[in-house]
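Heads up, the sequence shown is in my numbering, so the first residue is 58 and it goes up one at a time.
No residue lacks a Cβ here, since even glycine has one placed at the ideal position from N, Cα and C.
Notes follow the structure.
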Amino acid sequence: MSKSKNILLWVFAVVFMVVIAIYQRSTGPTYPEKGEIEISGTTVDFSLPRSFGDPGDCPVIIVNEDRSIIGKMKYKRFKSHDEWTIVDMERRGDTLISYIPSQPPAGKVQYEILLGKQDDLLKSITQEDVVMRYKGYVPTYFLIPHILAMFLAMVFSTRAALEVLFKGNKVYKLALWTTILFFIGGFMLGPIIQWYAFGDFWTGLPFGTDLTDNKTLISFVAWLIALWRLKRHPEQTWWALIAAGVLLAIYLIPHSVMGSELDFTTETPTPTNKF
Numbered sequence: 058m059s060k061s062k063n064i065l066l067w068v069f070a071v072v073f074m075v076v077i078a079i080y081q082r083s084t085g086p087t088y089p090e091k092g093e094i095e096i097s098g099t100t101v102d103f104s105l106p107r108s109f110g111d112p113g114d115c116p117v118i119i120v121n122e123d124r125s126i127i128g129k130m131k132y133k134r135f136k137s138h139d140e141w142t143i144v145d146m147e148r149r150g151d152t153l154i155s156y157i158p159s160q161p162p163a164g165k166v167q168y169e170i171l172l173g174k175q176d177d178l179l180k181s182i183t184q185e186d187v188v189m190r191y192k193g194y195v196p197t198y199f200l201i202p203h204i205l206a207m208f209l210a211m212v213f214s215t216r217a218a219l220e221v222l223f224k225g226n227k228v229y230k231l232a233l234w235t236t237i238l239f240f241i242g243g244f245m246l247g248p249i250i251q252w253y254a255f256g257d258f259w260t261g262l263p264f265g266t267d268l269t270d271n272k273t274l275i276s277f278v279a280w281l282i283a284l285w286r287l288k289r290h291p292e293q294t295w296w297a298l299i300a301a302g303v304l305l306a307i308y309l310i311p312h313s314v315m316g317s318e319l320d321f322t323t324e325t326p327t328p329t330n331k332f
């Protein structure tokens with residue numbers, strides 16, 4: 058393979074990874090619920106949190122300059138028998154603010170924001186309740202290498218597939234790097250991230266049904282099989298295509314879908330304003 062073609066294929070693999078990263082960034086149940094709504098002729102933009110990892114209660118902030126607009130927030134713990142709690146949002150200059158009570162890591166709260174100019178004419182700004190998940194603080198010196206390793210694995214996986222399609226002779230080497238990077242990101246750093254965020258090292262099979270962990274397991278097994286087959290039969294390069302396809306399919310599933318969560322239904326309902 059010529060040097061120029063090799064460079065172009067690497068560039069394509071990196072660009073493809075960036076596209077996947079943007080997709081991951083904009084999908085999934087942990088990214089803010091964004092939109093706009095018209096309140097008595099005033100357009101109000103909103104961005105409602107669906108994940109929170111800082112100490113204390115989670116602030117919910119609505120920015121609008123029309124100070125005649127008032128708001129309320131109703132909330133209860135997700136997967137609980139709690140009654141709804143309704144609180145007024147506090148006006149602070151050009152913002153309305155309220156706070157969702159802090160929860161243990163993996164605890165979720167479902168909430169709804171209602172806006173309007175009269176108490177009896179408030180309307181919800183979203184079609185469905187927003188579900189917000191609390192998590193523990195994850196140190197950046199673990200988080201950044203984890204993210205880097207996972208996306209570099211995607212780069213090498215894509216490059217390995219391209220090596221097959223363009224009949225290159227480095228499929229095994231690229232498959233090996235893909236597997237190593239995925240092991241570092243998913244099985245060395247991944248459990249550490251999970252422990253900091255939710256208090257468990259692994260909640261996928263055989264211990265649980267966490268989809269993120271199970272996706273990691275499936276992808277890694279696919280690449281282990283491909284690596285084994287390529288070692289024994291170097292001509293069977295299509296194994297790398299299969300493994301790359303599995304990894305791509307896994308990355309197209311929004312991050313944190315069916316992730317860790319607490320079940321509060323075994324507890325006594327809480328009818329007060331505090332959990």
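CA-CA distance, residue 167 and residue 319? Taking the sequence shown and counting its residues from 1, the one referred to as residue 167 is at position 110. Taking the sequence shown and counting its residues from 1, the one referred to as residue 319 is at position 262. Going from the Cα of residue 167 to the Cα of residue 319 covers about 13 Å.
With a cut-off of 8 Å on the beta carbons, I'd call residue 230 and residue 110 a contact; round off their distance for me. Against the sequence shown, residue 230 aligns to sequence position 173. Against the sequence shown, residue 110 aligns to sequence position 53. Going by Cβ atoms, the distance from residue 230 to residue 110 rounds to 38 Å, so no, they are not a contact pair.
One question on the structure: do residue 119 and residue 172 come within less than 8 Å of each other, judged by their Cβ atoms? Locating residue 119 in the sequence shown gives position 62, where the first residue counts as 1. Locating residue 172 in the sequence shown gives position 115, where the first residue counts as 1. Residue 119 places its beta carbon less than 8 Å from that of residue 172.
Keeping to the same chain, check which residues put their C-beta closer than 7 Å to that of residue 238; ignore five residues upstream and five downstream. Along the sequence shown, one-based indexing puts residue 238 at 181. So the list reads 206, 209, 210 and 213, once near-sequence residues are dropped.
So for residue 182, helix, strand or coil by DSSP? Here residue 182 refers to the residue found at position 125 of the sequence shown. Three-state DSSP puts residue 182 in coil, outside helix and strand.
Helix, strand or coil, according to DSSP, for residue 189 in the structure here? Walking along the sequence shown from the start, residue 189 turns up at place 132. DSSP places residue 189 in strand when its eight states are reduced to three.
Would you identify the three-state DSSP class for residue 220, choosing helix, strand or coil? For this step, residue 220 is matched to residue 163 along the sequence shown. Reduced to three states, the DSSP call for residue 220 is helix.
Considering residue 247, what are the terminal residues of the alpha helix (DSSP H) in which it resides? Taking the sequence shown and counting its residues from 1, the one referred to as residue 247 is at position 190. Per DSSP, residue 247 belongs to the alpha helix (DSSP H) from 247 to 255.
Using beta-carbon positions only, say whether residue 96 and residue 143 come within less than 8 Å of one another. For this step, residue 96 is matched to residue 39 along the sequence shown. For this step, residue 143 is matched to residue 86 along the sequence shown. Against a cut-off of 8 Å, the Cβ pair of residue 143 and residue 96 comes out as no contact.
Residue 177, DSSP secondary structure in three states: By 1-based counting over the sequence shown, the position of residue 177 is 120. Residue state, collapsed to three classes: helix.
Could you tell me which residues DSSP pairs with residue 128 in its beta bridges? In the sequence shown, counting from the first residue as 1, residue 128 sits at position 71. Residue 128 is bridged by DSSP to 172.
Is it true that the region 84 to 95 meets the region 183 to 190, where meeting means three or more beta-carbon pairs spaced less than 8 Å apart? With the cut-off at 8 Å, the region 84 to 95 and the region 183 to 190 touch.
Note down the Cα distance separating residue 65 from residue 75, rounded to an integer number of angstroms. Here residue 65 refers to the residue found at position 8 of the sequence shown. Here residue 75 refers to the residue found at position 18 of the sequence shown. Looking at the two C-alpha atoms, the distance is approximately 15 Å.
Over what stretch of residues does the beta strand (DSSP E) that includes residue 156 continue unbroken? Sequence index remark: in the sequence shown, residue 156 carries index 99 (1-based). The continuous beta strand (DSSP E) containing residue 156 extends over residues 152 to 157.
Is residue 226 buried or exposed, if buried means 16 or more other CB atoms sit within 10 Å of its CB? The residue labelled residue 226 in the question sits at position 169 within the sequence shown. By the C-beta density criterion, residue 226 is exposed, having fewer than 16 other C-beta atoms within 10 angstroms.
Report the partner residues of residue 109 according to the DSSP bridge assignment. Reading the sequence shown from its first residue, position 52 is the one you call residue 109. Looking at the DSSP assignment, residue 109 forms a beta bridge with 191.
Would you identify the three-state DSSP class for residue 84, choosing helix, strand or coil? Residue numbering aside, residue 84 sits at position 27 when the sequence shown is read from its first letter. In this structure, residue 84 counts as coil in the three-state DSSP scheme.
Buried versus exposed call for residue 157 [16 or more other C-beta atoms within 10 Å across all chains shown]: Walking along the sequence shown from the start, residue 157 turns up at place 100. Under this definition residue 157 is a buried residue.
Leaving out five residues on either side along the sequence, give the residues of the same chain with a beta carbon under 6 Å from the beta carbon of residue 358. Given that the chain is displayed from residue 58 to residue 332, the structure contains no residue 358 and the question cannot be resolved.
Taking the CB atoms as reference points, tell me whether residue 279 and residue 218 lie closer together than 8 Å. Sequence index remark: in the sequence shown, residue 279 carries index 222 (1-based). Sequence index remark: in the sequence shown, residue 218 carries index 161 (1-based). Cβ atoms of residue 279 and residue 218: not closer than 8 Å.
What did DSSP end up calling residue 135 once you bin it into helix, strand or coil? Position 78 of the sequence shown, counting from 1, holds the residue named residue 135. DSSP places residue 135 in the coil class of the three-state scheme, outside both helix and strand.
List the endpoints of the continuous alpha helix (DSSP H) containing residue 272. Working through the sequence shown from its first residue, we reach residue 272 at position 215. Segment 268 to 289, the alpha helix (DSSP H) holding residue 272.
Kindly indicate which three-state DSSP category residue 116 falls into: helix, strand or coil? As a working mapping, residue 116 is identified with position 59 in the sequence shown. Three-state DSSP puts residue 116 in a strand.
Does DSSP put residue 104 in a helix, a strand or coil? In the sequence shown, the residue the question calls residue 104 occupies position 47. Assigned with DSSP and collapsed to three states, residue 104 falls in strand.
Quick one: residues in its chain with C-beta nearer than 7 Å to the C-beta of residue 104, no 5 flanking neighbours on either side, listed in chain order? To locate residue 104, count along the sequence shown from 1; it is residue 47. Excluding sequence neighbours, residue 104 sits near 89 and 91.
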